[in-house]
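Residue 549 is where the sequence shown ends in the working numbering, and the numbering goes up by one at each step.
A virtual CB, placed ideally from N, CA and C, is assigned to each residue, including glycine.
Below: one structure, written as structure tokens.
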Amino acid sequence: MALIVHKYGGTSMGSTERIRNVARRVAKWHAAGHQIVVVPSAMSGETNRLLGLAREITDRPDPRELDMIASTGEQVAVGLLALALAAEGIPARSYAGWQVAVRTDSAYTKARIEGIDHKRVTRDLDAGKVVVITGFQGVDDEGHITTLGRGGSDTSAVAIAAALKAAECLIYTDVDGVYTTDPRIVPEARRLKVVSFEEMLEMASLGSKILQIRSVEFAGKYRVPTRVLSSLTDPLMPLDEEMRSGTLITFEEDEHMEQAVISGIAFNRDEAKITILGVPDRPGIAYQILGPIADANIDVDMIIQNQAVGGTTDFSFTVHRSEFKKALEVIDAEVKGKIGAREIGSDEKVCKVSAVGIGMRSHVGIASLMFRTLSEEGINIQMISTSEIKISVIIDDKYMELAVRALHKAFDLEHAG
Ligand code: ADP
Ligand code: ASP
Ligand code: MG
């Protein structure tokens, strides 16, 4: 008997029929003698709908109220799933994040989990119940409801698995594992049987929507065995077959059987670029520009500063598109005049495309193949950043799909492994 956490995403919870299927699958695991905690997302489209309602009221919603609104999607989902489990004859109990409690900081709309009190969960499990806990939401020290950022149910599930020292965290979704790139963009993409923790971390941080980055961080920090698999298979398929399906995140490099140089292509459409032209070239400038941005709690992604010509230089950085307006306001109000910059430029239509692979450590020529491929497609590279196991470029977002397909082919990802 093992304690196992299941997470079901929005599509997997997308209708009452799908919720019944989730209940059937969970009932199968429970009947095999396992203790099961289920962490569902809101039904697909629901979080967008709720946030859309808020935007109909105001285009400057208070983030605290946004969390109050958005968190309700998951609350409906846990209640429905508990009912569906009961209908399968399984004793089940649902909890909202604050009831558990999933404790977070107070950064509304992107809160971080600080701890999980799991006494009542353990008590219910020991009494033979399946426990259903809302994904995506938590509670801060003052009792305010918080949410963990879009896609945050992944993080809820892995964090709960870590706190309960679960044997496995199974992330059930609408694809049957982690692919070499999003199979919706490149139909030839190939499923990886295993992916190293480091590669998964890079892929998630570079925009692969399959897992929220913080869930991968938790999996790494607490060594939670985590598997991504499909919720759309027959819910009654044999357990051992199910346990071998999907993609396992591995922590040991030598377990990484698929030694392709590049494991995947990630992309992120949510980037926006701000350029400050005619910046005086003197010590402290980067701090004067990015300090106020950090104080406004805006995450900066890529940064580029050109060589100074005639005592001035240009400075560009990218932020998440949802924080673009706020970042521009900060630069206009607190930076431009103060540093004596000539002009502010901006581009909301950029995206980031990245090649990821631990094989890059021991292979040369990856960057040049990437740049050659993009140049052959006539795609202009606006910014570049590299790490030991990834190369990212910022390009015009109208070329995103073309770039992803071309790179997937150039690195021979449909055949590797
Ligand atoms: P869920 O609602 O289950 O959390 P998401 O929509 O958040 O599901 O994530 C699953 C989606 O991630 C897939 O439908 C797929 O389009 C997308 N995706 C992006 N990159 C990848 C990848 N490398 N492998 C598999 N799926 C990917
Ligand atoms: N429902 C939330 C969202 O749509 C959380 C999640 O699905 O993981 O972002
Ligand atoms: Mg998701």
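May I ask you to check if the CB of residue i is nearer than 7 Å to at least one heavy atom of the ligand ASP?
i           : result
residue 282 : yes
residue 268 : yes
residue 349 : no
residue 211 : no
residue 165 : no
residue 497 : no
residue 173 : yes
Shortest alpha-carbon distance to residue i belongs to which of the options?
i           : options            : result
residue 305 : 474, 140, 234      : 140
residue 435 : 244, 514, 223, 522 : 514
residue 534 : 485, 521, 523      : 485
residue 500 : 415, 543, 297      : 543
residue 257 : 273, 308, 169      : 169
residue 246 : 475, 496, 194, 235 : 235
residue 404 : 459, 521, 228, 292 : 459
residue 324 : 317, 338, 339, 359 : 359
residue 424 : 470, 440, 452      : 470
residue 633 : 343, 250, 261, 255 : Coverage of the chain is limited to positions 133 through 549, which leaves residue 633 absent and any answer about it impossible.
residue 426 : 467, 298, 137      : 467
residue 629 : 163, 171, 525      : Since the first and last residues shown for the chain are 133 and 549, residue 629 lies out of range.
residue 396 : 373, 302, 523, 451 : 523
residue 519 : 383, 491, 269      : 491
residue 255 : 269, 296, 194      : 296
residue 364 : 231, 153, 355      : 153
Label residue i either buried or exposed according to how many other C-beta atoms from any shown protein chain fall within 10 Å of its C-beta, with 16 as the threshold for buried.
i           : result
residue 190 : exposed
residue 494 : exposed
residue 290 : buried
residue 227 : buried
residue 472 : exposed
residue 334 : buried
residue 398 : buried
residue 274 : exposed
residue 429 : exposed
residue 112 : Limits of the chain in this structure are 133 at one end and 549 at the other, which puts residue 112 out of reach.
residue 402 : buried
May I ask whether a heavy atom of the ligand ADP can be found less than 7 Å away from the beta carbon of residue i?
i           : result
residue 240 : no
residue 307 : yes
residue 179 : no
residue 315 : yes
residue 352 : no
residue 472 : no
residue 170 : no
residue 448 : no
residue 341 : yes
residue 144 : yes
residue 396 : yes
residue 536 : no
residue 137 : no
Closer than 7 Å by C-beta to residue i: which residues in its own chain qualify, once you throw out the five before and the five after it? Chain order, please.
i           : result
residue 276 : 196, 238
residue 107 : No answer is possible for residue 107: the residues shown for the chain start at 133 and end at 549.
residue 411 : 417, 444, 445, 446, 447, 471, 473
residue 224 : 214, 217, 218, 261, 262, 264
residue 182 : 201, 202, 204, 205
residue 162 : 168, 222, 262
With respect to 7 Å, is the separation between the Cβ of residue i and the closest non-hydrogen atom of the ligand MG below this value?
i           : result
residue 160 : no
residue 427 : no
residue 205 : no
residue 141 : yes
residue 286 : yes
Spatial neighbours of residue i within its chain, please: C-beta separation below 6 Å, excluding the five flanking residues on both sides.
i           : result
residue 143 : 176, 306
residue 157 : 367
residue 178 : 205
residue 438 : 445, 446
residue 511 : 527, 531, 535
residue 517 : 434, 524
residue 309 : 323, 360, 378, 379
residue 505 : 538, 539, 542
residue 346 : 287
residue 329 : 352, 381, 383
What does a CB cutoff of less than 8 Å around residue i pick up in its chain, not counting 5 residues either side in sequence?
i           : result
residue 122 : It is not possible to answer for residue 122, since the shown part of the chain is limited to 133 through 549.
residue 159 : 217, 220, 221, 222
residue 407 : 446, 447, 448, 476, 477, 478, 479
residue 508 : 538
residue 185 : 201
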